[in-house]
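A.B. asks: One structure is given below, represented as structure tokens, and several questions about it will come after.
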Amino acid sequence: MTSKMQADVGLEHRAGILDTRSREYLKRGSKEYQRGSLALFAAGVATYAVLYCVQPLFPVYSREFGLSPAAVSLSLSVSTVLLAVSLPLAGFLSDRIGRKSLMAASLFVSSLCCLCTAFVPNFTSLLIVRAIQGIALAGLPAVAMTYLAEEMEAKSLGFAMGLYISGNTIGGLFGRVAVSMVTDVYTWRMGIGVLAVISLLASLYFWRNLPPSRHFKPQRTEPKANLRLFAVQFRDPALILLFVLGAILMGSFVTLYNYLGFRLLEPPFRLSQTLVGWIFLLYLVGTFSSSWMGRASDRIGLRIVLWINVLLMLTGILLTLSAHLAVLIIGVAVFTFGFFGAHSTASSWVGSRASIGKAQASSLYLLFYYVGSSLGGSIGGLFWSRFEWAGIVGMITVMIGCAMLVSFVLTAVLPENSNLHSQSNA
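When we follow our numbering, the leftmost residue of the sequence shown carries the number 27, and every step to the right adds one.
So this is what it looks like as structure tokens:
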């Protein structure tokens, strides 16, 4: 009896330890889960507001600096491409100094760069500041998904990831709309300055409210060891496909919004700069899509949700060929809904798919994502200059066709590799 009682006590003790550990993860409904989710939401708002605030200003820059649409698109592309190439370094630093510290530093420095943008004397100076800002911005998107994957309970991850991406959506929306409105009334410099102050306040909120990491352990890996962690990700064909998919999705999305303003300012629409800015309210559709598709993927699976969203993107871009403003807006809304749903699905898939080196996997996904943004956004200028909107639609349609092919191959590859990962984790 004594031995049996001791065994029972031992089992209860071990069960208690496991239960305590499970409670350490942030669960949906708890105060810490709410604080963490809202803090990352605010961080997403600030990051994407300062990154994309120049996008509706392309026609303004073209007039003020006497440059072509393809040339002024560099004010966005230079930030996104340097953000992309800085992501692996940011992931490496986060393994050493911690997730929260790096994300907070990224927010503060990028907000200060945004403030400096309002005072640049010429377009060359603007590009230099935007380049520095792109490097600084890398710290948050490189680590945010890793933080969520480490700290959130598995059943709560989909919603939290969707909410973070919703913050990205609202940030992109707010930055574009706010700057456009202030530009129409005052100047573009005033608009960017106001946005910089708001971003600094959001950075402070993030620092005060994000719960400290509980499952992060500093890793003093050497650069070679860190590079090996990046190399490991390319051994999984499913992860490679997800990286490529992120590049295609973001490239098509940025191309659409980069040159939408040029079309809306010209006949037959002839909208004002403020109204062009308000078109970005369609980003709210993406906010709903990210959260809703995050929950849907938890219920019906990532594969089905991904296919649905890619098909929605194709439908939306074809609708934008219409010369009727209402139909064009519906098309952009459908495309936006599909994009953010697909991005939310793919990013969640990367976070849960990587068995080791989650930070490196997330960094690689975003590296491809932003390289796709930079290449698509700039190449789109050539299609616009030669074929105008028909060229943009044609380019994006081809990219979506590639996304459909990648999604099909991904569906075929993933089940076998998922079993391999399950076995390795066991």
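All C-beta atoms in this analysis are idealised placements derived from N, C-alpha and C, irrespective of residue type, glycine included. Here the structure is a predicted model, which means the values were calculated and not measured.
Say whether the stretch 299 to 309 touches the stretch 328 to 339, bearing in mind that this needs 3 or more beta-carbon pairs closer than 8 Å, one atom from each stretch.
C.D. replies: Flag = no, the stretch 299 to 309 and the stretch 328 to 339 do not touch.
A.B. asks: Do the stretch 225 to 236 and the stretch 106 to 118 touch if we need at least three Cβ pairs shorter than 8 Å?
C.D. replies: Verdict: no, contact absent.
A.B. asks: How far does the alpha helix (DSSP H) with residue 213 in it reach, from first residue to last?
C.D. replies: Careful: residue 213 lies outside any alpha helix (DSSP H) and carries neither H nor E.
A.B. asks: Mind listing, in chain order, the continuous beta strand (DSSP E) runs of no fewer than 3 residues lying wholly within the stretch 241 to 312?
C.D. replies: Taking only runs of at least 3 residues, no beta strand (DSSP E) segment lies wholly in the stretch 241 to 312.
A.B. asks: How would you write the range of the alpha helix (DSSP H) that residue 155 sits in, first residue to last?
C.D. replies: Residue 155 -> alpha helix (DSSP H) spans 149 to 163.
A.B. asks: Do residue 255 and residue 383 have their CB atoms nearer than 7 Å?
C.D. replies: Against a cut-off of 7 Å, the Cβ pair of residue 383 and residue 255 comes out as a contact.
A.B. asks: For the alpha helix (DSSP H) that contains residue 60, what are its first and last residues?
C.D. replies: Its alpha helix (DSSP H) spans residues 57 to 78.
A.B. asks: For residue 439 and residue 216, I'd like the C-alpha separation in whole angstroms.
C.D. replies: Each residue's alpha carbon lies about 51 Å from the other.
A.B. asks: In angstroms with no decimal places, state the Cα-to-Cα distance between residue 129 and residue 401.
C.D. replies: Answer to the nearest angstrom: the Cα atoms are 26 Å apart.
A.B. asks: DSSP state of residue 52, grouped into three classes?
C.D. replies: DSSP places residue 52 in strand when its eight states are reduced to three.
A.B. asks: What number of angstroms, rounded off, separates the C-alpha of residue 59 from the C-alpha of residue 335?
C.D. replies: Cα-Cα distance, rounded: 28 Å.
A.B. asks: Kindly confirm or deny that the stretch 202 to 219 and the stretch 140 to 158 touch, where touching means at least three C-beta pairs closer than 8 Å.
C.D. replies: Enough Cβ pairs lie closer than 8 Å, so yes.
A.B. asks: Would you say residue 54 lies against chain C (beta-carbon separation less than 7 Å)?
C.D. replies: In the structure shown, chain C cannot be found, because there is only a single protein chain.
A.B. asks: Just the C-alpha distance for residue 328 and residue 291, rounded to the nearest angstrom, thanks.
C.D. replies: Using only the alpha carbons, I get a separation of about 39 Å.
A.B. asks: Could you give the distance in angstroms between the alpha-carbon of residue 367 and the alpha-carbon of residue 316?
C.D. replies: Distance between the alpha carbons of residue 367 and residue 316 is about 5 Å.
A.B. asks: Have a look at residue 410 and residue 95 and give me their C-alpha separation to the nearest angstrom.
C.D. replies: Going by the C-alpha atoms only, they are around 8 Å apart.
A.B. asks: In three-state DSSP terms, what is residue 47?
C.D. replies: With a pLDDT of 44 at residue 47, under the threshold of 50, the predicted position of this residue should be treated as unreliable, though the coordinate-derived value follows. Residue 47: helix per DSSP, three-state reduction.
A.B. asks: In this structure, what does DSSP give as the bridge partners for residue 178?
C.D. replies: Per DSSP, 52.
A.B. asks: What is the C-beta distance between residue 225 and residue 76, in whole angstroms, given that I count them as a contact (C-beta under 8 Å)?
C.D. replies: Right, the Cβ-Cβ distance comes to about 5 Å (below 8 Å), so this counts as a contact.
A.B. asks: What is the rounded straight-line gap between the Cα of residue 57 and the Cα of residue 135?
C.D. replies: Distance between the alpha carbons of residue 57 and residue 135: 29 Å.
A.B. asks: Please state the DSSP three-state secondary structure of residue 203.
C.D. replies: The answer is helix: DSSP assigns residue 203 an H, G or I state.
A.B. asks: Whole angstroms are fine: how far does the CA of residue 98 sit from the CA of residue 88?
C.D. replies: Their Cα atoms are separated by approximately 6 Å.
A.B. asks: Where does residue 148 land, buried or exposed, given buried means 16+ other C-beta within 10 angstroms?
C.D. replies: Classification of residue 148: exposed, given that the 10 Å Cβ count is below 16.
A.B. asks: Tell me which residues share the same chain as residue 118 and place their Cβ nearer than 6 Å to its Cβ, disregarding the 5 neighbours each side in the sequence.
C.D. replies: 252, listed in sequence order.
A.B. asks: Determine contact between the stretch 147 to 161 and the stretch 195 to 204, defined as no fewer than three beta-carbon pairs at a distance below 8 Å.
C.D. replies: Cβ pair count under 8 Å is below three, so no.
A.B. asks: Cα-Cα, which of 91, 181, 133 and 352 is closest to residue 378?
C.D. replies: Closest option to residue 378, Cα to Cα, is 181.
A.B. asks: Would residue 419 pass as a contact of residue 273 if the rule is Cβ separation under 7 Å?
C.D. replies: It is not a contact, given that the beta carbons lie outside the stated cut-off.
A.B. asks: Between which two residues does the alpha helix (DSSP H) harbouring residue 143 extend?
C.D. replies: 125 to 143 is the span of the alpha helix (DSSP H), which, as asked, contains residue 143.
A.B. asks: Taking all protein chains shown into account, decide if residue 421 is buried (16 or more other Cβ within 10 angstroms of its Cβ) or exposed.
C.D. replies: Buried, since its Cβ has 16 or more Cβ neighbours within 10 Å.
A.B. asks: Taking the alpha helix (DSSP H) that residue 239 falls in, what are its first and last residues?
C.D. replies: First-last for residue 239: undefined, no H or E at that position.
A.B. asks: If we call anything under 7 Å between Cβ atoms a contact, is residue 71 one with residue 188?
C.D. replies: No, they are not a contact pair.
A.B. asks: Within its chain, find whatever has a CB closer than 6 Å to the CB of residue 279; leave out the 5 residues flanking it on each side and keep chain order.
C.D. replies: Here the set comprises 365.
A.B. asks: Give me the residue from 240, 289 and 351 with the minimum Cα distance to residue 417.
C.D. replies: Cα-wise, what sits closest to residue 417 is 289.
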